[in-house]
Amino acid sequence: MIAQNTNPAIRAATLLQRVRLVVGSVGLTAWYSSLVISRAVTGRLNRTIVDNYCRAWSAALLRLVRVDLTVTGRIPDFDDGRRYIIMCTHASHYDIPATFVALPGSVRMLAKKELFSIPLLGQAMRAGEFPSVDRSRRQRAVRDLEKARAMMEDGIVLWAAPEGTRSPDGRLLPFKKGCFHLALDTDAVIVPVAINGIHRVLPARSWQINLGQPVDVRVGEPMDVAGRSKEELPQVMAEVRSSLEKLRG
Numbered sequence: 001m002i003a004q005n006t007n008p009a010i011r012a013a014t015l016l017q018r019v020r021l022v023v024g025s026v027g028l029t030a031w032y033s034s035l036v037i038s039r040a041v042t043g044r045l046n047r048t049i050v051d052n053y054c055r056a057w058s059a060a061l062l063r064l065v066r067v068d069l070t071v072t073g074r075i076p077d078f079d080d081g082r083r084y085i086i087m088c089t090h091a092s093h094y095d096i097p098a099t100f101v102a103l104p105g106s107v108r109m110l111a112k113k114e115l116f117s118i119p120l121l122g123q124a125m126r127a128g129e130f131p132s133v134d135r136s137r138r139q140r141a142v143r144d145l146e147k148a149r150a151m152m153e154d155g156i157v158l159w160a161a162p163e164g165t166r167s168p169d170g171r172l173l174p175f176k177k178g179c180f181h182l183a184l185d186t187d188a189v190i191v192p193v194a195i196n197g198i199h200r201v202l203p204a205r206s207w208q209i210n211l212g213q214p215v216d217v218r219v220g221e222p223m224d225v226a227g228r229s230k231e232e233l234p235q236v237m238a239e240v241r242s243s244l245e246k247l248r249g
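Under full-length UniProt numbering, think of the first position of the sequence shown as 1, with each following residue one higher.
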């Protein structure tokens with residue numbers, strides 16, 4: 001169990017608090033992005049440092065909104081030499097910070113290519129080994145896939161949101177096929193993760209921020225898809241969906 005706040009006061013943030021939270025969150029993101037970039041430029045950046053920065057940034061963001069975080073389930077040994085993809089529910093911008101704090105290993109988000117165009121953040125993500133897969137351009141997609149596979153073989157744990165967008169109420173949306181193609185192409189182990197209660201912190205398409213929310217990161221049983229064919233993709237998607245539904249309770 002990981003607690004961010006031992007006695008949370010659950011309440012909606014006022015307008016002034018929301019402004020402070022936005023400014024604070026942007027400031028933290030810019031600060032840690034700058035640290036990554038400066039170390040990369042001077043040749044003093046390594047994966048462990050990026051891991052530590054990701055967790056420090058994430059913990060600071062969760063403290064700002066006073067999240068009361070717990071973790072349940074058996075966490076896999078991400079250092080056992082297999083390739084891992086965390087397939088996570090997606091209902092808030094805080095999903096990723098919650099994952100960084102809750103799970104060990106060198107977790108990296110499988111990011112939309114648009115994020116890499118954001119000043120500071122984009123440069124930091126490139127330096128920090130955050131991959132993207134652009135399936136709209138076939139040749140680029142093949143290169144991205146090979147890069148992602150190599151990163152996974154080198155110990156990177158990928159984080160992906162099979163829904164592709166944030167759910168406004170925490171219920172599962174229809175799945176996209178992209179991350180499942182990646183899992184099958186890389187003979188990966190899929191780790192289902194449901195983050196319950198996170199949609200109340202900052203709901204999708206809303207600026208309403210609720211402070212002191214209890215959030216439970218639930219880790220499901222790993223699913224090894226090595227050797228499974230592309231014809232089984234619908235079945236794999238159904239299995240992951242079933243697991244996430246059970247984790248959501």
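Cβ atoms here follow ideal geometry from the backbone N, Cα and C, with glycine treated the same way.
Cβ-heavy atom distance, A56 to the ligand FAD, below 7 Å: By its list of ligands, the structure shown contains no ligand whatsoever, and the ligand FAD lies outside what it can speak to.
Burial state of P131, where buried means 16 or more other Cβ atoms lie within 10 Å: On the sequence shown, residue 131 is found 131 positions in, with the first residue counted as 1. By the Cβ neighbour-count rule, P131 is buried, with 16 or more other Cβ atoms within 10 Å of its own.
Length of the line joining the Cα atoms of A226 and V157: As a first step, residue 226 must be located in the sequence shown, where it is residue number 226. As a first step, residue 157 must be located in the sequence shown, where it is residue number 157. C-alpha separation (whole angstroms): 16 Å.
Exposure label - P137; buried when at least 16 CB within 10 Å: The residue given as residue 137 occupies position 137 in the sequence shown. This sequence places Arg at residue 137; Pro is not what is there. Exposed, because fewer than 16 other Cβ atoms sit within 10 Å of the Cβ of R137.
Touching by the beta-carbon criterion (3+ pairs, under 8 Å), the segment 78-90 and the segment 177-195: Touching, yes.
Strand pairing of D224, partner residues [DSSP]: Within the sequence shown, numbered from 1, the residue matching residue 224 stands at position 224. In DSSP, D224 forms a bridge with V189.
Where the alpha helix (DSSP H) through A98 begins and ends: Indexing the sequence shown from 1 puts residue 98 at position 98. For A98, the enclosing alpha helix (DSSP H) covers residues 95-102.
Inter-residue spacing [alpha-carbon to alpha-carbon] between P97 and P104: Your numbering for residue 97 matches position 97 in the sequence shown. Your numbering for residue 104 matches position 104 in the sequence shown. Straight-line Cα distance between these residues: approximately 12 Å.
8 Å Cβ cutoff met for I198 and Y94: Translated into positions along the sequence shown, residue 198 becomes position 198. Translated into positions along the sequence shown, residue 94 becomes position 94. Yes, these two residues count as a Cβ contact at 8 Å.
Residue interval of the beta strand (DSSP E) (run including A204): Within the sequence shown, residue 204 is the residue found at index 204, counting from 1. Taken as a continuous stretch (DSSP letters only), A204 belongs to no beta strand (DSSP E), as it is neither H nor E.
Cβ pair E163, F175 closer than 8 Å: For the purposes of this step, residue 163 is identified with residue 163 of the sequence shown, where counting begins at 1. For the purposes of this step, residue 175 is identified with residue 175 of the sequence shown, where counting begins at 1. Yes, Cβ-Cβ distance for E163 and F175 is below 8 Å.
Proximity of V201 and S92 at Cβ, strictly below 8 Å: Taking the sequence shown and counting its residues from 1, one reaches residue 201 at position 201. Taking the sequence shown and counting its residues from 1, one reaches residue 92 at position 92. Contact: yes.
Own chain, CB closer than 6 Å to I195, minus 5 neighbours either side, in chain order: In the sequence shown, the residue the question calls residue 195 occupies position 195. If the five residues before and after I195 are omitted, its C-beta is found closer than 6 Å to the C-beta atoms of T89, D95, A98, V217, all from its own chain and listed in chain order.
Other residues of its chain near G128: CB distance less than 6 Å, five sequence neighbours each side excluded: Walking along the sequence shown from the start, residue 128 turns up at place 128. Here the set comprises V36, V50.
Candidates L115, L121, M125, V67, of which the one nearest V101 by Cα: By 1-based counting over the sequence shown, the position of residue 101 is 101. Nearest of L115, L121, M125, V67 to V101, Cα basis: V67.
Assigned exposure category for Q4 - 16 Cβ within 10 Å defines buried: For the purposes of this step, residue 4 is taken as residue 4 along the sequence shown, with counting starting at 1. Residue placement at Q4 cannot be trusted, given a pLDDT of 43 that sits under 50; what the coordinates show is reported in the next sentence. Residue environment analysis places Q4 among the buried positions, since at least 16 neighbouring C-beta atoms fall within 10 angstroms of its C-beta.
Cβ pair count under 8 Å reaching 3, the segment 16-29 against the segment 57-75: They touch, by the three-pair rule.
Residue(s) in a DSSP beta bridge with T70: Taking the sequence shown and counting its residues from 1, the one referred to as residue 70 is at position 70. T70 is bridged to D216.
Exposure of V236, with buried meaning 16 or more beta-carbon neighbours within 10 Å: Sequence index remark: in the sequence shown, residue 236 carries index 236 (1-based). It counts as buried.
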